[in-house]
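Peer 1: In this note's numbering, the protein residues as written are 1394 to 1562.
Cβ coordinates follow ideal geometry from the N, Cα and C atoms, glycine included.
Everything numeric in this text was worked out from a predicted model, so none of it was measured.
Below you will find the structure I want to go over with you.
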Amino acid sequence: MLSYANKPRSKQSDIRNELNEIKMVCAHHKALCQSFMQWKVDIDENDAQLKILNEAAMSLRKRHENIVAQLSTGPVDAKTMIQLENKIRKIEAQVNMWIRELAEINKARTKLEIEFVYLRSNIRLNTVNIEMANVDINRIELNYRQMRNDFLYNNDSNDNKLVSNDNDN
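Written as C-alpha cells, this is what we have:
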C-alpha cells in the first residue's frame, strides 16, 4: 500500500476521493494504535512471565542451598543420600523446564521488540500522513470558501446587473 504522503496530487482531484483517502489514513492510524495497545498488553504479560521465572529461579537456588547445607554438615547415611539424589534429580528437571520456558519467553520478547520497532516506524509515518491530511483538509476548506465567496460575489454582481437593467428600461 502506498502511503498517503507518496501519492501524486492533482489540482483537479475529486474532493470526495481526497476525503475518503483521509478517512483511510485515519482508520489505518486507529488500527496501528490498537496494535500498539495489544503490544503493550503482550509486553506486560511477558514481563509477568519473567517475574515468575525469576521467583522460580530464587526457589531453585534456595533448594540448592538446602542440599549443600545438608551435605556440608558431615557424613550422610545411604538413606539420606538417596533422598538428596532424588531432590537433585527433581531440581535438575525443574531447571531444565525453567531453561526451556526462559528460552520461549526470550524468543517472544525478541519478537515483541521487533514488533515495537515496526509499529513505532509505522505510527511515525502515519502521523506524518495525518499531518498532511490535515493540511489537505485545510486546503479543501479554503478552496470551498473561495468557491463560495466567488459564487456569492458573482451572484451579487449578477443581481446588481439585473437591477440596473430593470432601471434602464
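Any idea if LEU1464 is buried or exposed, counting beta-carbon neighbours within 10 angstroms, 16 or more meaning buried?
Peer 2: In the sequence shown, the residue the question calls residue 1464 occupies position 71. Burial call: exposed.
Peer 1: Measuring only the C-alpha atoms, how far is VAL1556 from ASP1549?
Peer 2: By 1-based counting over the sequence shown, the position of residue 1556 is 163. By 1-based counting over the sequence shown, the position of residue 1549 is 156. Reliability fails at VAL1556, whose pLDDT of 48 lies under 50, so the model's placement of it is uncertain and the value that follows must be treated cautiously. Looking at the two C-alpha atoms, the distance is approximately 11 Å.
Peer 1: With a threshold of 8 Å, are at least 3 pairs of Cβ atoms found where one atom belongs to the region 1456–1474 and the other to the region 1438–1448?
Peer 2: no
Peer 1: Using the beta-carbon count (16 or more within 10 Å), is ILE1415 buried or exposed?
Peer 2: Within the sequence shown, residue 1415 is the residue found at index 22, counting from 1. ILE1415 counts as buried, since no fewer than 16 other beta carbons sit within 10 angstroms of its beta carbon.
Peer 1: If the criterion is Cβ atoms closer than 8 Å, does the pair ILE1516 and LEU1425 meet it?
Peer 2: In the sequence shown, residue 1516 corresponds to position 123, counting from 1. In the sequence shown, residue 1425 corresponds to position 32, counting from 1. Against a cut-off of 8 Å, the Cβ pair of LEU1425 and ILE1516 comes out as a contact.
Peer 1: Report the residue from LEU1545, LYS1444 and GLN1431 whose alpha carbon sits nearest the alpha carbon of ILE1343.
Peer 2: What is shown of the chain runs 1394 to 1562, which leaves residue 1343 out entirely.
Peer 1: Along the chain, where does the alpha helix (DSSP H) containing ASP1440 start, and where does it finish?
Peer 2: Locating residue 1440 in the sequence shown gives position 47, counting from the first residue. 1408–1465 is the span of the alpha helix (DSSP H), which, as asked, contains ASP1440.
Peer 1: So, using beta-carbon positions, are ALA1526 and VAL1418 closer together than 8 Å?
Peer 2: Your numbering for residue 1526 matches position 133 in the sequence shown. Your numbering for residue 1418 matches position 25 in the sequence shown. Contact flag set, yes.
Peer 1: Considering only C-alpha positions, which residue in the set ARG1502, HIS1422 and ILE1408 is nearest to ASN1522?
Peer 2: Here residue 1522 corresponds to residue number 129 of the sequence shown, with the count starting at 1. Checked all of ARG1502, HIS1422 and ILE1408; the closest Cα to ASN1522 is HIS1422.
Peer 1: Leaving aside the five residues before and after VAL1469 along the sequence, list all residues of the same chain whose C-beta is less than 8 Å from its C-beta, in chain order.
Peer 2: Here residue 1469 is taken as the residue at index 76 of the sequence shown, counted from 1. These residues qualify, in order along the chain: GLN1463 and LEU1477.
Peer 1: Three-state secondary structure (DSSP) at ASP1529?
Peer 2: Within the sequence shown, residue 1529 is the residue found at index 136, counting from 1. Correct three-state label for ASP1529: helix.
Peer 1: Within 10 angstroms of the Cβ of ASN1547, are there 16 or more other Cβ atoms? Answer buried if so, exposed if not.
Peer 2: The residue given as residue 1547 occupies position 154 in the sequence shown. Exposed.
Peer 1: Measure from the alpha carbon of ASN1489 to the alpha carbon of each residue in ALA1471, PHE1429 and LEU1446, then state which is nearest.
Peer 2: The residue given as residue 1489 occupies position 96 in the sequence shown. If we check each option's Cα against that of ASN1489, LEU1446 comes out closest.
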